[in-house]
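Novice: After the structure tokens below, expect a handful of questions from me.
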Amino acid sequence: MDRDYYIKKLNELFARQEIDEVNLDYSHFDTHIAFLKQLAIVENSSMAVFDLNKKKYSFAHNRFLPILGVELEEMMHRGPQFFYTIMHPDDVSFLVETHYMFTDFLLKLETNQRKDYKLLYDFRLKDKNGKYVRFVNQ
Numbered sequence: 001m002d003r004d005y006y007i008k009k010l011n012e013l014f015a016r017q018e019i020d021e022v023n024l025d026y027s028h029f030d031t032h033i034a035f036l037k038q039l040a041i042v043e044n045s046s047m048a049v050f051d052l053n054k055k056k057y058s059f060a061h062n063r064f065l066p067i068l069g070v071e072l073e074e075m076m077h078r079g080p081q082f083f084y085t086i087m088h089p090d091d092v093s094f095l096v097e098t099h100y101m102f103t104d105f106l107l108k109l110e111t112n113q114r115k116d117y118k119l120l121y122d123f124r125l126k127d128k129n130g131k132y133v134r135f136v137n138q
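My numbering applies: residue 1 is where the sequence shown begins, and numbers increase by one.
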């Protein structure tokens, strides 16, 4: 299993996303941050938004990071690739291939149709004690 291969494959797919930077309005997103924080608290879950244009997280509220022994700032700085470094080796290829197929499917849809789909999967990450913990992502 070659993590670098899978990370490169996923990054190439994200690069295919066409972004209209002229009409990109981040102020619209900013109005929703308080709601996202409250939703994460009410649902007792973690939530993150990854900006494909800037190639970084634009929002994160993570309840599981203390289990992993990771600070929020580190996760925000290192991006999603960080999780592949602590992911169980048997889960990396499945996760990236699943993300690839789902994102490829979404990119073929009209923009207004993409909100109608959700991806749900589970995976294991190594915690601060070296043991793998199972997480569900949707």
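For every residue, glycine included, the Cβ atom is placed at its ideal position computed from N, Cα and C. Predicted model, so just to flag it, every value in this text is computed and none were measured.
Identify every run of the beta strand (DSSP E) within the region 27-59, keeping only runs that are complete inside it and at least 3 residues long; order them along the chain.
Specialist: Segments of the beta strand (DSSP E) lying fully in the region 27-59: 47-51.
Novice: Using beta-carbon positions only, say whether Arg124 and Tyr132 come within less than 8 Å of one another.
Specialist: Taking 8 Å as the Cβ cut-off, Arg124 and Tyr132 qualify as a contacting pair.
Novice: Have a look at Phe135 and Ser93 and give me their C-alpha separation to the nearest angstrom.
Specialist: Looking at the two C-alpha atoms, the distance is approximately 16 Å.
Novice: Using only CA atoms, which one of Lys115, Phe64, Leu24 and Tyr57 lies nearest to Ile41?
Specialist: It is Phe64 whose Cα lies nearest to the Cα of Ile41.
Novice: Can you tell me the Cα-Cα spacing of Ile67 and Asn129, whole angstroms?
Specialist: The alpha-carbon atoms of Ile67 and Asn129 are separated by roughly 9 Å.
Novice: Just the Cα atoms here: how many angstroms apart are Asp52 and Gly79?
Specialist: Per the sequence shown, the amino acid found at residue 52 is Leu instead of Asp. Distance between the alpha carbons of Leu52 and Gly79 is about 11 Å.
Novice: Tell whether a beta-carbon distance below 8 Å holds between Leu36 and His61.
Specialist: For Leu36 and His61, yes; Cβs fall inside 8 Å.
Novice: My understanding is that Phe59 touches Ile19, with C-beta atoms under 8 Å, so please give their C-beta distance in whole angstroms.
Specialist: About 18 Å separates the two Cβ atoms, so there is no contact after all.
Novice: At what residues does the alpha helix (DSSP H) containing Asn137 begin and finish?
Specialist: Unbroken run through Asn137 is the beta strand (DSSP E), Tyr132 to Asn137; no alpha helix (DSSP H).
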